[in-house]
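Please read the structure below before turning to the comments.
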Amino acid sequence: MPVTVRTSLAVFGLCLAVAAQMFLAPSAMAQKALPDSAAPLAKETAQGHTMSIQEVTSPGGIKAWLVESHVNPLISIRFAFFGGAAQDAPGKEGQAYFVTSMMDEGAGELDATAFQERSESLAMQLDFDASRDVMLGSLQTLTENKDEVFELARLAMTEPRFDESATARVKAQILAGLKYDENDPATVASIAWDRLAFRDHPYGRPVKGSPESISAITDDDLHDYVHRVFARDKLVVSAVGDITPEELGKALDTLFGGLPEKADLRDVADAEPPLGPAREVIKMNVPQSFAQFGFRGIARHDDDFIPAYILNYIIGGGGFSSRLMEEVREKRGLAYSVTSNLFPYQHGSVFVGNVATKNEAVGQSLKVIQDELEDVAENGLTEDQLDAAKSYLTGAYALRFESSSSIANQLLWIQIEDLGIDYVTKRNALIEAVTLDDIKRVAGRLLAADQLITTIVGQPVEEPVTEGAPG
């Protein structure tokens, strides 16, 4: 079967980046060794020029989106397998996260040392990360090394070794990281919030696991996860840089053709909407408290998502220009920071915010936040606030296209969210079409301030305290 190509022209400044997106940072070695092939692309983006997105189908039937550029000899590939941490076996929480930490620890006939030495000699950047819903992969290579890099990456995904010595070493590193996290108020508050909001659903379990669950994971568990999740039917791919559609088609079959055709995923039910009000306070001997608050959100494919996206930007997603920052920090000096985000997970969406403040100001900060949410829910926004948000959100996206890797990342997440290859040409119109009436309607639907789920970590004054970290 020959390579097939379908082309779509898009203005990249029109993409929407949702909060759930995760960016994979290149290693220091790779940053020094690999040039940035996307600087000319980013310049075109900033000027609003069109760019060709090609949908490539390999001879083996594997699909990818490609932005082709031969300015510099660099190729960036992003890929994802649906599954993520939601596929962790019960009692083995952190399984997906553990796998991501092991993917450069040997494959095929190469043990960990040999694999990493070979990777470094090729200036290959291969990274994995686990979110709740997807296992993310990032591959970057110089054009001259692409064939050897693709073969090495293939080995990592199809023949990972998970040797006992490497597994034990990485397990010790993860356990040390979890020990550190136990003393980080933001992490503890986030884990506790997820547990309160999602209860027994997989989203209620920590992505990184716990000391008990990580200790229980064996090399067989790692192999089991890879065999169940790494499969062609749950794969999406994007590529940017110095590679033709024909070359990419061959690369896709090299990289992924040896994987199972179908994944063997556990069924994940849709999560019940978080039910509040609920509050948990966890005592920690720190000079300031960290609070996380939120309630049920709006799904990515809901007609109200775009208004909700704009609404969140105005409430707490816009940095110092947000209403929460204005009320909590600028007017009253209560907090060092306050933010909010929408997380449209595949099986349940949430609106989540956080605030860091002095222990004696926790109660007042949360009261101001609740009052502000109630005010927006009841009264909506002003025309000026909406116009300013639209102007920023439609104009700032080009700044995200600063490298080949960030462009590839955007293409990947558009596929993960199933928004369509033409989404980038439609996004601005969706933003501009939102009215004050839309915002008021969605605010009334989304901002259930009386149902807030809140977790507080620190030594808040005059708060009932529950000893210990979340289970």
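Using mature numbering (1 follows the signal peptide of the UniProt record, and there is no 0), the letters of the sequence shown map in sequence onto residues -30 to -1, 1 to 441. Ideal placement from N, C-alpha and C gives every residue a C-beta, glycine not left out. Please read all numbers here as calculations on a predicted model, not as lab measurements.
Contact between Q429 and N324 is absent: CB atoms are separated by about 17 Å, not below the 8 Å threshold. Sorting A358, I23 and G107 by C-alpha distance to the C-alpha of I285 places A358 at the top. By the neighbour-count criterion, in which 16 or more other beta carbons inside 10 Å mark a residue as buried, K149 falls on the exposed side. If only uninterrupted beta strand (DSSP E) runs of at least 3 residues are considered, those enclosed by the stretch 144 to 224 are 205 to 211. DSSP places N282 within a helical segment (H, G or I) once states are collapsed to three.
In the DSSP assignment, the residues bridged to F265 are F321. When Cβ pairs closer than 8 Å are counted between the two stretches, the stretch 391 to 407 is seen not to touch the stretch 308 to 318, the count staying below three. An exposed status is given to G390, since fewer than 16 other beta-carbon atoms sit within 10 Å of its beta-carbon. When DSSP reads this structure, W35 sits in a beta bridge with E25 and S208. When DSSP states are grouped into helix, strand and coil, Q316 belongs to the coil group. Counted as a single uninterrupted DSSP element, the beta strand (DSSP E) harbouring G428 occupies residues I423 to G428.
One thing to note: D223 has its Cβ within 8 Å of the Cβ of P29. A distance below 8 Å between beta-carbons, with the five flanking residues on each side excluded, links R169 to the following residues of its chain, in chain order: E242. For G107, the uninterrupted beta strand (DSSP E) run begins and ends at V104 to L112, by DSSP. With a cutoff of 8 Å on beta-carbon distance, I423 and A261 are scored as not near each other. Taking the CA atoms as reference points, S307 sits about 7 Å from M295. For Q95, the pairing in a beta bridge is given by DSSP as Q110.
Residue burial annotation: G61 is exposed, with fewer than 16 other C-beta atoms found within 10 angstroms of its C-beta. Between V26 and G333, the beta carbon gap of about 56 Å keeps them out of contact (Cβ cut-off 8 Å).
Contact between G350 and A413 holds: CB atoms are separated by about 6 Å, below the 8 Å threshold. In this chain, the beta strand (DSSP E) harbouring A248 covers A248 to K253. Cβ contact annotation for T137 (same chain, cutoff 6 Å, sequence separation greater than five): D189, in chain order.
Excluding the 5 residues flanking it on each side, Q86 has same chain C-beta neighbours closer than 7 Å at D74, in chain order.
The Cβ atoms of R266 and S319 sit closer than 8 Å to each other. As a beta-bridge residue in DSSP terms, P130 pairs with A77. Sixteen is the threshold: when 16 or more other Cβ atoms of the shown chains lie within 10 Å of the Cβ of Q355, as they do, the residue is buried. Within 10 angstroms of the beta-carbon of N282 lie 16 or more other beta-carbons, which makes it buried.
Contact check for T111 against V119 passes: the beta carbons are separated by less than 8 Å.
A residue is called buried when at least 16 other Cβ atoms come within 10 angstroms of its Cβ; L369 does not meet this threshold and is exposed. Put simply, the stretch 154 to 173 touches the stretch 228 to 245. At least three CB pairs are less than 8 Å apart. If you ignore the 5 residues before and after A82, its C-beta comes within less than 6 Å of the C-beta of E75, G76 and A136, all in its own chain and listed in chain order.
Counting only runs of 4+ residues, the alpha helix (DSSP H) found wholly inside the stretch 369 to 401 occupies 374 to 386, in chain order. In the three-state scheme derived from DSSP, where H, G and I count as helix and E and B as strand, K232 is classed as coil. Rounded to the nearest whole angstrom, the CA to CA distance from T70 to P176 is 15 Å. With respect to the 8 Å criterion, A331 and I252 are not classified as neighbours on the basis of their beta carbons. For R48, the uninterrupted beta strand (DSSP E) segment begins and ends at L44 to F52.
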